[in-house]
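There are 4 protein chains.
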Amino acid sequence: MNEAPADSVGVAVIGYAFMGKAHSNAWRNVGAFHPGVPTVRQEVLVGRDPAQVAEAASRYGWSRAATDWRSVIEDDSVDIVDICVPGHLHCEIAIAALAAGKHVLVEKPLANSISEAEAMVAAAAQAATRGVLAMVGFNYRRVPALAMARDLIAGGRLGTVRQVRVSYLQDWLVDDSAPMTWRMRKDAAGSGALGDLGSHAVDQVRYLLGADIATASGLLETFVGERVGDGGPEAVTVDDAAWATLWTTTGTVASIEVSRMATGQKNALTIEVYGSLGALRFSLESLNELHVCLDGSAGFTRVLATEAHHPYVESWWPPGHVLGWDSTFTNQAADFLAAIAVGTEPSPSFADGLAVQRVLAAIEDSAARSGATVSLEEPS
Amino acid sequence: MNEAPADSVGVAVIGYAFMGKAHSNAWRNVGAFHPGVPTVRQEVLVGRDPAQVAEAASRYGWSRAATDWRSVIEDDSVDIVDICVPGHLHCEIAIAALAAGKHVLVEKPLANSISEAEAMVAAAAQAATRGVLAMVGFNYRRVPALAMARDLIAGGRLGTVRQVRVSYLQDWLVDDSAPMTWRMRKDAAGSGALGDLGSHAVDQVRYLLGADIATASGLLETFVGERVGDGGPEAVTVDDAAWATLWTTTGTVASIEVSRMATGQKNALTIEVYGSLGALRFSLESLNELHVCLDGSAGFTRVLATEAHHPYVESWWPPGHVLGWDSTFTNQAADFLAAIAVGTEPSPSFADGLAVQRVLAAIEDSAARSGATVSLEEPS
Amino acid sequence: MNEAPADSVGVAVIGYAFMGKAHSNAWRNVGAFHPGVPTVRQEVLVGRDPAQVAEAASRYGWSRAATDWRSVIEDDSVDIVDICVPGHLHCEIAIAALAAGKHVLVEKPLANSISEAEAMVAAAAQAATRGVLAMVGFNYRRVPALAMARDLIAGGRLGTVRQVRVSYLQDWLVDDSAPMTWRMRKDAAGSGALGDLGSHAVDQVRYLLGADIATASGLLETFVGERVGDGGPEAVTVDDAAWATLWTTTGTVASIEVSRMATGQKNALTIEVYGSLGALRFSLESLNELHVCLDGSAGFTRVLATEAHHPYVESWWPPGHVLGWDSTFTNQAADFLAAIAVGTEPSPSFADGLAVQRVLAAIEDSAARSGATVSLEEPS
Amino acid sequence: MNEAPADSVGVAVIGYAFMGKAHSNAWRNVGAFHPGVPTVRQEVLVGRDPAQVAEAASRYGWSRAATDWRSVIEDDSVDIVDICVPGHLHCEIAIAALAAGKHVLVEKPLANSISEAEAMVAAAAQAATRGVLAMVGFNYRRVPALAMARDLIAGGRLGTVRQVRVSYLQDWLVDDSAPMTWRMRKDAAGSGALGDLGSHAVDQVRYLLGADIATASGLLETFVGERVGDGGPEAVTVDDAAWATLWTTTGTVASIEVSRMATGQKNALTIEVYGSLGALRFSLESLNELHVCLDGSAGFTRVLATEAHHPYVESWWPPGHVLGWDSTFTNQAADFLAAIAVGTEPSPSFADGLAVQRVLAAIEDSAARSGATVSLEEPS
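Residue numbers (numbering that gives the first Met the number 0), protein chains in the order written: chain A, 0 to 379; chain B, 0 to 379; chain C, 0 to 379; chain D, 0 to 379.
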């Protein structure tokens, strides 16, 4: 045990690319904006390339760098293992870290296969009996405007929610001369837009409504079927875009559309919720805003979710001083730390991560059956 | 023959309710904004209630009122019969009017059944051999911004169109104590949101892309299954909302969502088109605007489609002076008159109206098969 | 007296250019959308060019054309004289028409000089004693969203109004090679952006607040000082843009900015009103919308002012079916007809038109004194 | 000298309230997002209350806390002194720190009086001869969208800039029962909305145009003249809102409106720039967006300024991942560090800070003369 404060927690992040940087940012800043949570010690950043991970560790505020995740999860200075590597590595590291008694945060998606995800859920359940906690990182649950949306729905302000519309549109594959990468190979990436963008969409439906998905009908399309990789032309084996219509167990219908081919759209996650008493609209590119139609209002009111009473906002900045995308990870870290401090199960759990993947699998299954509805109540 | 100018045309409108009023407005004003077309004589307005139709005829600028459409279609002063009555009456009147040598404009949808629509298409084809013309009234084709959108697509400015998203959301049935009406009975109305709103959505997909629909997957939902009518509680037998995913014969995927239960949305027809080179966005509640992303633009440009060079705008008002919803009917009347003047087939034809209905039927068919894709290439 | 209905009124419009066309449209349509007002007979359209005015009269629905306004104002079939000619002709025609016992509507601005405007006010006052009515045509008072704004303010929903911001931005003079016209000569046009656009801005401040202007500080600028006309280069003698800060007699401060040089802005009249209890925002390019912040709301609510209970809307179209710019003139005609029907003074009166011009003159006066505040309580 | 890397710099921040927190955030994070600049050592946070500053230092990542700024500016571990205390303390600390050879960053406004600001400018000039650098913290210069705006203007893409419109609207004093504080006393705060919000507005005009202000006409208003403080009712001696019209030395006209009484507006800094070839619009509440009208575009294009090629963005996040308000301070710290690394004068300089204050003083001077224009070319 090192000389850190008795109530501080040591963190290790595995992975130092895009998500490793975003998570590092969260651990570096969580104390400044969430004073109530345990103090963080940024112990170690883990990556394969010794020079690069050392440089990243220095820039991102870590005490040291390492290349062997196995030794790190055994390190006494480490209380939390935060897994930011590609999805096919999640399962092994997470299960090992939980076994080693470390709290585990896994970046979404939980795993690349349902069987892996199920093993992780089992490991998390076992670990929980020992007070070791696990969470999956659907960071958009920590957008203040979306947390506010969920609170409004949970509080009955929208009445019975009937329809949800979620689209997540990007344009980085519009150019058909964009080169082949592993992200377009099914064996490496699992799926395309469906897994990458659709997982956020499905998680938001579950999160906002507090309900499970009962049935799914979906279709997939690959608009550019062949791209040129290092070895010449190669078949694209994942979807460029996906469409789904879901029924929740409580009778809400959610439509989902995701695409990497939506020219002019950069990171356009858009959510609409229509209930018997009210409605909501949200757009990730304007993530500080929630548009609400409540209490018989004649239209939608733009609420800037930067007031102290809005979720997560209290210790950030004064009203009107907008937060960035990165703040969602900081808030996520705070929630995980708070759960650890009191020993309650954090949310979303590994079981939530598995549930999302079952929905995505059901959509693929439906697509393979030309869109015929698939039931999730007995898992496919 | 009356003493009107040799090149003037006499018009009769059948029906004086909402659509009759909108069409009357068009005939009254078309000459002021479209100087090149034949002069209109507003001959006669037809309705069942003698007092009410007389009062409406007076207010809407008609020379006279009548209650018997059969005599009107035989009237020598009448050159155009414009049918604005409910859908189940379209077929009989249209076929009779065409047989009587009158040009016929039918408000959408073309008919309540495919068999009726087929009969109307046959009658129109036969009439065309005699120089008698027929058109169906999908007025949103005459929104300048949407006509501009179509021109951009037809001109290749968007490249290969991959995805289209159309939603048409209204909220007039949100309240589950809203009373039962004929619009919620399948035998009278044919369908619910699907036919009423979905027909516009499908027509826009066909119009904007200039392509037919090849396959359809769809689902329907009735959120409020029973409403109280004059005779007490009664089952709602049409859909409150509908979802569909369509493939065109040219490989574009179009998603459609329509609803009468979208709290806070009044008349929200929203269209997005994503191509390999550009993209477009449109919203009916801001119908003078088209948002375009073209020529590698970094984002969407809001174009106010009120310049003289925009479709239909030349003879309206100076730039920046916005048009209303009613102008779409005026432009539609101008297009019909122009087609009559030169004897070319107007667009959209009865065949277009039938094609839309086949798509709607395929969506219903798919919904009955839990969303499994239905092919339209051999009509269902 | 002709054989028209006893309660119908005959109208003559003087002028058939842009405003003559807009007013013709109003008279042609007012009966269809405002059933409660007297029936209109479109008697005569007056213009200088016999062929052109005859053609316009035919297209715009007039029974006949004329070239001599003096005979028209003596014509027994004419009850209302609607003056749409350039401002320097308003005074003579309006006074003559009132003397002839005709109700008079004058397009804004009331006149080109304060002395003319004062003479017109005197003539209107005298005519009123004979039951002959006069109104000036600030059509934006008839935008449903702005009438709604005024009602909210008058009803106290905004509390004490402290600040108003009005800008009216156009871009038709951005290009410095745009040719010289009479509109850029002070002797012909009176002023530039100030009179043309500023008059609407000042009228809206007075209308929305129901208060007079007490003081004005203003500045003017001519960005392009010379333009090429038919006779070669010529000095521009009016303003391209103007700025003013006004205090009302009730202590509200209103800022005004108008320009013909605002690149990318077509017809951008924007109004913001901030009170102790609420606020409003409006933009003419989205004229069906009013954004309101009332009752302690966390932000602005977009209200689509197309509901039957909104001002002027009842007899137009169902909710969500937006009105165009031209509808403001139709509503204006209805208000004038309603005032005539019951014999009450219509609003805005000639005195309102004079008041606006006094404010514009005070702004020019202040600008000549480098912005020093000018008092309007003893007219300058 | 401590054992830090040879090229690292030690930083002390004086003040730990709102601005101290924002600047601490910047120093803690600058290395992660701007890899090219010298490494930062967060040496010491200074404040008056020992317990509170110690707690803040711990939360915000500082190595230690201190209460005596005089000893801190003599500390060898400190290379940069960053002054975040109220304005009346800026002058003494800044001059002392510069004299001690420390680079100095002063939060805006530079000082509370022109004489203080002039002394600071002189001190900075003297320090510069010794390679000691000074900068004032107008953080909105570091918004990527605004830096992009400036680059477009400087590159001639807007042509000759004619009009600029800047408004900065907040609503935190709308309630007239809000209590009296030092911010509403002229002796303590210097001015009200004018100094607080107007300083940002004036700095942006100078920054975007790269031009000085030549003349100013302005007016002030205090809507709520008395508020209740600890000692009972007390006169408010600063402005609640201010209006100004400025001419730059290059002939651009800029209008400015600032208010703390704009109901419903939280932090609404809005900037519009109109040039002969193009135009720009920006809103701080959507700070990742710049709306541009360039190259003869038919309207404004929304550009999400999150691409790697946009100013400051390269080392943040991928396209479409929006930045928060706090990022502006991080970028500011990077610019200051970069200037220090190469020994060039950072921008905005103390002279820029003085220039802004002279404009604010001229506006107050003009207001005292009822709005008459004041020349700045011979400083007032």
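All residues carry an ideal CB built from backbone N, CA and C; glycine is no exception.
Note that this is a predicted model, so its numbers are computed, not measured.
(request) With DSSP collapsed to three states, give me the class of D/Cys292. (result) Locating residue 292 of chain D in the fourth sequence gives position 293, counting from the first residue. Strand.
(message) Quick check on DSSP: helix, strand or coil for C/Met134?
(response) Translated into positions along the third sequence, residue 134 of chain C becomes position 135. The answer is strand: DSSP assigns C/Met134 an E or B state.
(request) Note the first and the last residue of the continuous beta strand (DSSP E) segment covering C/Pro232. (result) On the third sequence, position 233 is the one that residue 232 of chain C refers to. Membership of C/Pro232 in the beta strand (DSSP E) is indicated by the continuous run Gly231 to Ala234.
(message) For a contact defined as C-beta to C-beta under 8 Å, what are the partners of B/Ala31 on chain C?
(response) The sequence position of residue 31 of chain B within the second sequence is 32, counting from 1. Simply Lys20, Ser23, Asn24, Arg27, Arg58, Tyr59 and Gly60.
(request) Below 8 Å on the Cβ atoms is my guess for A/Leu59 versus D/Ala31; work out the distance and round it to an integer in Å. (result) In the first sequence, residue 59 of chain A corresponds to position 60, counting from 1. In the fourth sequence, residue 31 of chain D corresponds to position 32, counting from 1. Reading the sequence as shown, one finds Tyr at residue 59 of chain A and not Leu. The C-beta distance from A/Tyr59 to D/Ala31 rounds to 5 Å, short enough to fall under 8 Å.
(request) Could you tell me whether the Cβ of D/Glu256 comes closer than 8 Å to any Cβ of chain C? (result) Position 257 of the fourth sequence holds residue 256 of chain D. Yes, its Cβ sits closer than 8 Å to a Cβ of chain C.
(request) If I'm right that A/Gly298 touches C/Leu283 with Cβ under 8 Å, what's the distance once you round it to whole angstroms? (result) The sequence position of residue 298 of chain A within the first sequence is 299, counting from 1. The sequence position of residue 283 of chain C within the third sequence is 284, counting from 1. Going by Cβ atoms, the distance from A/Gly298 to C/Leu283 rounds to 19 Å, so no, they are not a contact pair.
(request) Under 9 Å between beta-carbons, which chain E residues line up against D/Gly323? List them in chain order, please. (result) The question asks about chain E, but that chain is absent: this structure's protein chains are A, B, C and D.
(request) Determine contact between the region 172–182 of chain A and the region 207–216 of chain A, defined as no fewer than three beta-carbon pairs at a distance below 8 Å. (result) No, they do not touch.
(message) So if DSSP puts A/Val80 in a beta bridge, which residue, or which two residues, is it bridged to?
(response) The residue given as residue 80 of chain A occupies position 81 in the first sequence. Under the DSSP definition of a beta bridge, A/Val80 partners with A/Ala11 and A/Val103.
(request) Under 6 Å Cβ to Cβ from B/Ser374, same chain only, skipping five residues before and after it: list those, please. (result) In the second sequence, the residue the question calls residue 374 of chain B occupies position 375. Only Thr214 meet the Cβ criterion.
(request) Assign B/Gln125 to buried or exposed, taking buried as 16 or more other Cβ atoms, counted over all protein chains shown, within 10 Å of its Cβ. (result) Here residue 125 of chain B corresponds to residue number 126 of the second sequence, with the count starting at 1. Exposed, by the Cβ-count rule.
(message) Measuring only the C-alpha atoms, how far is A/Gly228 from A/Met183?
(response) The residue you call residue 228 of chain A lines up with position 229 of the first sequence. The residue you call residue 183 of chain A lines up with position 184 of the first sequence. So the two alpha carbons sit approximately 10 Å from each other.
(request) State the DSSP-derived secondary structure class of D/Glu54, mapped to helix, strand or coil. (result) Position 55 of the fourth sequence, counting from 1, holds the residue named residue 54 of chain D. Shown here, D/Glu54 sits in a helix according to DSSP, grouped into three states.
(request) With a floor of 3 residues, list each beta strand (DSSP E) that falls wholly inside the region 143–201 of chain C, ordered by position along the chain. (result) Qualifying beta strand (DSSP E) stretches, in chain order: 160–168.
(message) Could you tell me which whole beta strand (DSSP E) segments of length 3 or greater appear in the region 221–293 of chain A?
(response) Within the region 221–293 of chain A, the beta strand (DSSP E) runs of at least 3 residues that lie entirely inside it are, in chain order, 225–228, 231–234, 240–247, 252–258, 267–274, 278–282 and 288–292.
(request) List the endpoints of the continuous beta strand (DSSP E) containing B/Val43. (result) As a first step, residue 43 of chain B must be located in the second sequence, where it is residue number 44. If you look at B/Val43, you'll find it in the beta strand (DSSP E) that goes Val39 to Val45.
(request) Report yes if the C-beta distance between A/Leu359 and A/Val201 is below 8 Å; otherwise report no. (result) For the purposes of this step, residue 359 of chain A is taken as residue 360 along the first sequence, with counting starting at 1. For the purposes of this step, residue 201 of chain A is taken as residue 202 along the first sequence, with counting starting at 1. Against a cut-off of 8 Å, the Cβ pair of A/Val201 and A/Leu359 comes out as a contact.
(request) List the residues of chain A that D/Leu303 touches, going by C-beta distances under 9 Å, in chain order. (result) Locating residue 303 of chain D in the fourth sequence gives position 304, where the first residue counts as 1. Those are Lys265, Asn266 and Glu284, listed as they occur along chain A.
(message) Rounded to the nearest angstrom, what separates D/Met0 and D/Asp78 at their Cα positions?
(response) Here residue 0 of chain D refers to the residue found at position 1 of the fourth sequence. Here residue 78 of chain D refers to the residue found at position 79 of the fourth sequence. At D/Met0 the pLDDT is 29, less than 50, meaning the model places this residue with poor confidence; the figure from the coordinates comes in the next sentence. Rounded to the nearest angstrom, the two C-alpha atoms are 11 Å apart.
(request) State the beta-bridge partners of C/Gly217 as determined by DSSP. (result) Within the third sequence, the letter at position 218 stands for residue 217 of chain C. According to DSSP, C/Gly217 bridges with C/Ala243.
(request) Give the secondary structure of D/Leu303 by DSSP, where H, G and I count as helix, E and B as strand, and everything else as coil. (result) For this step, residue 303 of chain D is matched to residue 304 along the fourth sequence. Strand at D/Leu303.
(message) Strictly under 8 Å for the Cβ-Cβ distance: is B/Phe137 near chain C by that measure?
(response) Here residue 137 of chain B corresponds to residue number 138 of the second sequence, with the count starting at 1. Not one chain C Cβ lies under 8 Å of B/Phe137.
(message) Using the three-state DSSP reduction, which class does A/Ala65 fall into: helix, strand or coil?
(response) Reading the first sequence from its first residue, position 66 is the one you call residue 65 of chain A. Of the three classes helix, strand and coil, the one that applies to A/Ala65 here is strand, per DSSP.
(request) May I ask you to report which of helix, strand or coil DSSP gives B/Val373? (result) Locating residue 373 of chain B in the second sequence gives position 374, where the first residue counts as 1. Three-state DSSP puts B/Val373 in a strand.
(request) Find the residues of chain B that neighbour C/Phe17, judging by a C-beta separation of less than 9 Å, and give them in chain order. (result) Within the third sequence, residue 17 of chain C is the residue found at index 18, counting from 1. Those are Trp316 and Pro317, listed as they occur along chain B.
(request) Can you give me the Cβ contacts of D/Asn287 inside the same chain, cut-off strictly under 7 Å, excluding the 5 residues immediately before and after it? (result) Here residue 287 of chain D refers to the residue found at position 288 of the fourth sequence. The beta carbon of D/Asn287 lies closer than 7 Å to those of Ala144, Leu303, Ala304, Thr305, Val321 and Leu322 in the same chain, with the five residues before and after it left out.
(request) Please state if the CB of D/Val80 and the CB of D/Ile72 are separated by a distance shorter than 8 Å. (result) As a working note, residue 72 of chain D is residue 73 in the fourth sequence. As a working note, residue 80 of chain D is residue 81 in the fourth sequence. In this structure, D/Ile72 lies near D/Val80, with their beta-carbon atoms less than 8 Å apart.
(request) Can you have a look at C/Gln51 and say buried or exposed, based on whether 16 or more other CB atoms are within 10 angstroms of its CB? (result) Within the third sequence, the letter at position 52 stands for residue 51 of chain C. With fewer than 16 other Cβ atoms within 10 Å, it is exposed.
(request) For the alpha helix (DSSP H) containing B/Ile94, list its first residue and its last residue. (result) On the second sequence, residue 94 of chain B is found 95 positions in, with the first residue counted as 1. For B/Ile94, the uninterrupted alpha helix (DSSP H) run begins and ends at His89 to Ala98, by DSSP.
(request) Taking C-beta pairs closer than 8 Å, name the residues in chain C that B/Pro34 reaches, listed in chain order. (result) Residue numbering aside, residue 34 of chain B sits at position 35 when the second sequence is read from its first letter. Chain-ordered, the chain C residues with CB closer than 8 Å to the CB of B/Pro34 read Arg58.
(message) Can you check whether the C-beta of C/Thr269 is within less than 8 Å of a C-beta belonging to chain A?
(response) Position 270 of the third sequence, counted from the first residue, corresponds to residue 269 of chain C. No, C/Thr269 does not count as interfacial toward chain A.
(message) Pop quiz: D/Val39 and D/Val8 are said to be a contact at Cβ under 8 Å. What is the actual Cβ separation, rounded to whole angstroms?
(response) Here the question's residue 39 of chain D lines up with position 40 in the fourth sequence. Here the question's residue 8 of chain D lines up with position 9 in the fourth sequence. Indeed they touch by this definition, with Cβ atoms about 6 Å apart.
(message) By DSSP's criteria, C/Ala212 is part of a beta bridge. Which residues make up the other side?
(response) In the third sequence, the residue the question calls residue 212 of chain C occupies position 213. Per the sequence shown, the amino acid found at residue 212 of chain C is Ile instead of Ala. Partner(s): C/Thr247.
(request) Would you kindly work out how many angstroms separate the C-alpha atoms of B/Ser346 and B/His199, rounded to a whole number? (result) Walking along the second sequence from the start, residue 346 of chain B turns up at place 347. Walking along the second sequence from the start, residue 199 of chain B turns up at place 200. If you take the alpha carbons of B/Ser346 and B/His199, they lie about 15 Å apart.
(request) Report buried or exposed for B/Ser70, applying the criterion of at least 16 other Cβ atoms within 10 angstroms of its Cβ. (result) Taking the second sequence and counting its residues from 1, the one referred to as residue 70 of chain B is at position 71. For B/Ser70, the number of other beta carbons within 10 angstroms of its own is below 16, and it is reported as exposed.
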